[in-house]
Structures are given as C-alpha cells and as structure tokens.
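Everything in the sequence shown is counted per the numbering used here, starting at 466 for the first residue and increasing by one. Just so you know, even glycine gets a beta-carbon here, dropped at the ideal spot from N, CA and C. To start, the structure under review is shown below, and the notes come after it.
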Amino acid sequence: MAGMILDPRKPQPVDCEVMRANPRSVEALNRDCHCVPIAPEAMHAALASATSAHGLPRDFAESHPHLFAALPVYVSREHLAAIDGVVSAVEAVVTAPGYASEVLAWAPAMAQWDPAVPGGMLGFDFHITPHGPQLIEINTNPGGALLNTLVGQALQECMPAAVSLPVDMTDAEQHVLRVMRREWEHLRGSQPLQSIAIVDTSPATQYLYPEFLLFRHLFLQAGMDATICDPSELERRHGRLWIGDKAVDMIYNRLTDFALAAPEHEAIRAGYLAGEVVVSPHPRAHALYADKRNLAVLGHREFLLHAGVPAAAVEALAAAVPKTTVVTPENRDELWSRRRELFFKPASGFGSKASYRGDKLTRRVWSDIGEGAYIAQALVPPSERHTRDDGGPMKTDIRCYAYQGRPLLYAARLYRGQTTNFRTPGGGFAPVLTSRP
Numbered sequence: 466m467a468g469m470i471l472d473p474r475k476p477q478p479v480d481c482e483v484m485r486a487n488p489r490s491v492e493a494l495n496r497d498c499h500c501v502p503i504a505p506e507a508m509h510a511a512l513a514s515a516t517s518a519h520g521l522p523r524d525f526a527e528s529h530p531h532l533f534a535a536l537p538v539y540v541s542r543e544h545l546a547a548i549d550g551v552v553s554a555v556e557a558v559v560t561a562p563g564y565a566s567e568v569l570a571w572a573p574a575m576a577q578w579d580p581a582v583p584g585g586m587l588g589f590d591f592h593i594t595p596h597g598p599q600l601i602e603i604n605t606n607p608g609g610a611l612l613n614t615l616v617g618q619a620l621q622e623c624m625p626a627a628v629s630l631p632v633d634m635t636d637a638e639q640h641v642l643r644v645m646r647r648e649w650e651h652l653r654g655s656q657p658l659q660s661i662a663i664v665d666t667s668p669a670t671q672y673l674y675p676e677f678l679l680f681r682h683l684f685l686q687a688g689m690d691a692t693i694c695d696p697s698e699l700e701r702r703h704g705r706l707w708i709g710d711k712a713v714d715m716i717y718n719r720l721t722d723f724a725l726a727a728p729e730h731e732a733i734r735a736g737y738l739a740g741e742v743v744v745s746p747h748p749r750a751h752a753l754y755a756d757k758r759n760l761a762v763l764g765h766r767e768f769l770l771h772a773g774v775p776a777a778a779v780e781a782l783a784a785a786v787p788k789t790t791v792v793t794p795e796n797r798d799e800l801w802s803r804r805r806e807l808f809f810k811p812a813s814g815f816g817s818k819a820s821y822r823g824d825k826l827t828r829r830v831w832s833d834i835g836e837g838a839y840i841a842q843a844l845v846p847p848s849e850r851h852t853r854d855d856g857g858p859m860k861t862d863i864r865c866y867a868y869q870g871r872p873l874l875y876a877a878r879l880y881r882g883q884t885t886n887f888r889t890p891g892g893g894f895a896p897v898l899t900s901r902p
C-alpha cells in the first residue's frame, strides 16, 4: 500500500514457456505455470515494515508462515465478469421488495432494526468450475483486503508481460478507506469522522491481527484517531462510546458475534441502537447478505422473479448459486441419505468453523447439526493450483471484495484439507492474475 511497501521483490524472468504458448485458457496456467512473482518471505518483510511502527515487533515469517502463498492464481476475464455479475445481482436482490421480509424472518431480533447504513465491504467467495464461478458464501467482515492490497501493489512492480491484475491496485487501500467514509456519511452526512475503533475479541491474539494494524495505519494516515481494542474496553457514557478518555465516532466491527448478542457486547449494542456510534458491518447487514440460509433464497428463481428482481440478475444467480437447502426436521432423513453430494454449514458460521463435507459426517456430528441452524449446499469441488512440491495440487477459492454491488479487488486462497485454512505450507492469500485486456 502507498507508503507501506518496503523492498518489494525484484522481477522474476518472464520467459515462462506457458505464458509464451498462448494456452487455451488462462486457467491452464494454474496447472502448468510455477513462476513465483512474489516471494512469501518478501511479503512477510513488507508487512513487518508496514506494522513495526505500530506495536507489532515480531517475525511474521515465524508467527504467520502460511499467510501468503508462493504462487498466484489465474482466473479468466470471462469468469471475472461472471463474478462481477453475481455481485451486482446480489445487490439487486437485497434492494428488491420482498427479499428483506423473507430473510429477516429467520434473523435475530437485533437485525430487524435498520440503521440506515449499507453495512460495509462484503466478501464474495467463489469456486471456479467448468460451468463458471459458483458462489459458495458471502461474508460481511471479510478478512484480507489490506493484506491482499499489499501483495497486489508489490506485484504491480514486477508484472509479467502476458498477464495483469484484474484491477489497478495503485490506490486500492483508498477504495477501502472510502467504504468506511461512505458508511459514516450515510448516517452523519458532512460531519467529520474523527475517531474509529477496530474491535474484535482479544484482537492481538487473532490470526489476522497484522491486518488490524494495517487498518489502523490507514485510518491514522487519513487524519483519524484510530484504536484497536477488545469490546470490554468500550464504555457507554454521556451519550457516546468511549475508550478511556477518547470518544468513539465509529466502530469497524470484526466481531463474529454478528447479532451483538453476547453480554460483553452490551455497550456496542446499546450505543448502536441509540444511534450514538456508527457500526460497520452491523447485524442487519449480516442478516441480509451473509446468513447462509439466504443462499436458498438467492438461488430460487421463482421467488426472485415474483419479488421483482430484474431477469438478468435472476439468471446470473441461478447459474452461480449452488442448490442450497435449509436443514429441517422434515428433510433430515432425505438429506442424510444423499449427504455424500452435500456440504453442511451453520447458518451463522464463519471461517469454515463447524462446516462438514457430507462424506465425512459421523452420526454424532449429524446429531449436532440437527440441534442447530444449518444449510445443506450442493458440493462444489474447488479448482486446483498445481505446484512443484510432492503434496499434490492445492485447492483454491476466489474472493471478490465489494461494496454496494461494485467489486473493489480480488484475491485467492490456496490450501489443502477439507476447508480453507492458513495451515498449508505454500498456501495462504494469493494474488489473482488474468489476461491483459
């Protein structure tokens, strides 16, 4: 990011045979090209340089060895256009009459209140298949935007001639900052945003704490007072939220208690409902976009048409949303019988927690699923990124960071195992590359 990257890696030779061979598709490079445009150790060094002045004197290569992948992931412009179409279509659905009442019916009471703020940046996660991108889930507090900006800006310095980044990364962090400002302006208009708190539970112990420091740096550079804190540090008094003797105008919410229901979040919850602080993302945004039960609605052609969603948006979602079913007592036996073709996820889950491939389910886990709110999603195998190591190809998913239907940047995650993780040697966040226009 501007002012943050130190010593980006020197360009690699760009005489990759695959790039010269005009392959049938950009995705073929995921099988054949093993060039390394960004060395993970260089990104760890850049991240350390960007954050060392703000309280994190540690060796990222040691503490976060699998944060950055060693290889990029290639996605065709055709598939990127389809992803963009899905992002736009979801926004069209969320603003359509009838959708909110449908999905808010299963949302917590906290989500019924409309704070008149869109709800922040979204993360749309896709698997790329021969039939096009498939929307696996939507997240309201997606991690990695600034980390991937760091990678993209370093990579822009040494881009092979045959490919390009999907978007210009020069000012990508400013687009992220603009999202926060727009959230503020929706509620406060031209009133200056002076202070912001980046809030998560025990933030210094979170794996993506380095990104919290990048956000703090970004906000400080923009002239705001910025603090990273645990929710227990917030107090509500005199019609404001406070951290010590500092009033808080806005909360950048990284909590996974999406309804702010926990007792320790009482100050945030009360201040939010009273309009004393702008919270982004907020409970209603999660209920409208990220509750996984919503996928059953987003992929329901007849409902969407009846709700007045434009036909083009309906078709984009029909092609991209895997068949999704809400697990109920009435359909449990039928879903168990064909579990091997399904993936089960908690409705309000995050980070693959408590998510299961059907072919890995035990009776005990199935019993647990019956006691919670779960969906059964048609199993969509992720695409693969081949490597030179002996572990076989890695799985990939593609994340589009977007705001109000507009894509901001793209990233990939490389991993091995049942679900995405940051435990795979050679895996982690990876830049997305595509053909030049």
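For C865, list the residues DSSP reports as bridge partners.
Answer is F589, Y875.
Grab the span of the beta strand (DSSP E) containing P811 for me, first residue to last.
807-811 is the span of the beta strand (DSSP E), which, as asked, contains P811.
Tell me which same chain residues have a C-beta within less than 6 Å of the C-beta of R719, skipping the five on either side of it?
Hits under 6 Å: N606, D665.
Give the secondary structure of F680 by DSSP, where H, G and I count as helix, E and B as strand, and everything else as coil.
Looking at F680 - three-state DSSP - the assignment turns out to be helix.
Just to confirm, does T614 get its C-beta within under 7 Å of one of the non-hydrogen atoms of the ligand GDP?
Ligands in the displayed structure: none, and consequently the ligand GDP is not present.
Around the Cβ of R829, are there at least 16 other Cβ atoms within 10 angstroms (buried) or fewer (exposed)?
The residue in question, R829, is exposed, as its Cβ has fewer than 16 Cβ neighbours within 10 Å.
State buried or exposed for A895, treating a residue as buried only when at least 16 other CB atoms are found within 10 Å of its CB.
Buried is the call here.
Tell me the DSSP bridge mates of Y717?
Per DSSP, I663, S745.
So A648 and G585 are supposed to be a Cβ contact under 8 Å. How far apart are they, rounded?
The displayed chain sequence assigns Glu, not Ala, to residue 648. The pair is a contact, with the Cβ atoms about 6 Å apart (cut-off 8 Å).
Quick one, are the C-beta atoms of L642 and L683 less than 8 Å apart?
Taking 8 Å as the Cβ cut-off, L642 and L683 qualify as a contacting pair.
Report yes or no: do the segment 557-570 and the segment 758-772 share at least 3 C-beta pairs separated by less than 8 Å?
Yes: at least three Cβ pairs fall under 8 Å.
Please list, in chain order, all residues of the same chain as H544 whose beta carbon is under 7 Å from its beta carbon, the five residues on each side excluded.
Here the set comprises I593, G597, P598.
Excluding five sequence neighbours on each side, which residues of the same chain lie with their C-beta closer than 6 Å to the C-beta of V644?
For V644, where only same-chain residues beyond five positions count, the Cβ hits under 6 Å are M586, Y868.
Taking the Cβ atom as the reference point for each residue, do V743 and S660 lie within a distance shorter than 8 Å?
Against a cut-off of 8 Å, the Cβ pair of S660 and V743 comes out as no contact.
What separation, rounded to the nearest whole angstrom, lies between the Cα atoms of L658 and A637?
In a straight line, the C-alpha of L658 is about 20 Å away from that of A637.
Check the DSSP bridge columns for C759 and list the partner residues they point to.
Just to set this straight, residue 759 is Asn in the shown sequence, not Cys. Its beta-bridge partners do not exist; DSSP assigns none.
Pick out whichever of P847, T885, V552 has its Cα sitting closest to the Cα of P595.
If we check each option's Cα against that of P595, P847 comes out closest.
Who pairs with A534 in a beta bridge, going by DSSP?
A534 pairs with nothing; no bridge assigned.
Taking G736 as part of the alpha helix (DSSP H), name the residues at either end of that continuous run.
Unbroken alpha helix (DSSP H) run through G736: 731-738.
For T789, is the classification buried or exposed, using 16 other Cβ atoms within 10 angstroms of its Cβ as the cut-off for buried?
Buried, because 16 or more other Cβ atoms sit within 10 Å of the Cβ of T789.
For the alpha helix (DSSP H) containing A554, name the first residue and the last one.
That run of the alpha helix (DSSP H) goes 542-559.
Quick one: complete beta strand (DSSP E) runs, 3+ long, within the segment 759-794?
Here the runs fully enclosed are 789-791.
Below 8 Å CB to CB, which residues in the same chain sit around S900 once its five sequence neighbours on both sides are set aside?
Result list for S900: V491, S541, R542, A627, V628, S629, in chain order.
For A745, count neighbouring Cβ atoms within 10 angstroms of its own Cβ and tell me buried if that reaches 16, exposed if not.
Ala is not the amino acid found at residue 745; the sequence shown has Ser there. S745 comes out buried.
Does the beta-carbon of E676 have 16 or more other beta-carbons within 10 angstroms, so that it is buried, or is it exposed?
Result: buried.
How is T605 classed by DSSP in three states: helix, strand or coil?
T605: coil per DSSP, three-state reduction.
Run through DSSP, which three-state label would G988 get?
Missing from the structure shown is residue 988; the chain here goes from 466 to 902 and no further.
Please look up how many angstroms separate the CB atoms of G588 and I601, rounded, as I've assumed it's under 8 Å.
Between I601 and G588 the Cβ distance is about 11 Å, and since that is not below 8 Å, they are no contact.
Could you tell me if A436 is buried or exposed, where buried requires 16 or more neighbouring beta carbons within 10 angstroms of its beta carbon?
The requested residue 436 is not part of the displayed model; the chain covers only 466 to 902.
If you drop the 5 nearest sequence neighbours on each side, which residues of the same chain put their C-beta closer than 7 Å to that of V582?
Correct list, in chain order: E648, H651, L652, V743, S745, H747.
DSSP has G893 in a bridge; who is on the other side?
Partner(s): L879.
On the CB-based measure, 16 or more other CB atoms within 10 Å of its CB, does H771 come out buried or exposed?
Exposed: under 16 other Cβ atoms inside 10 Å.
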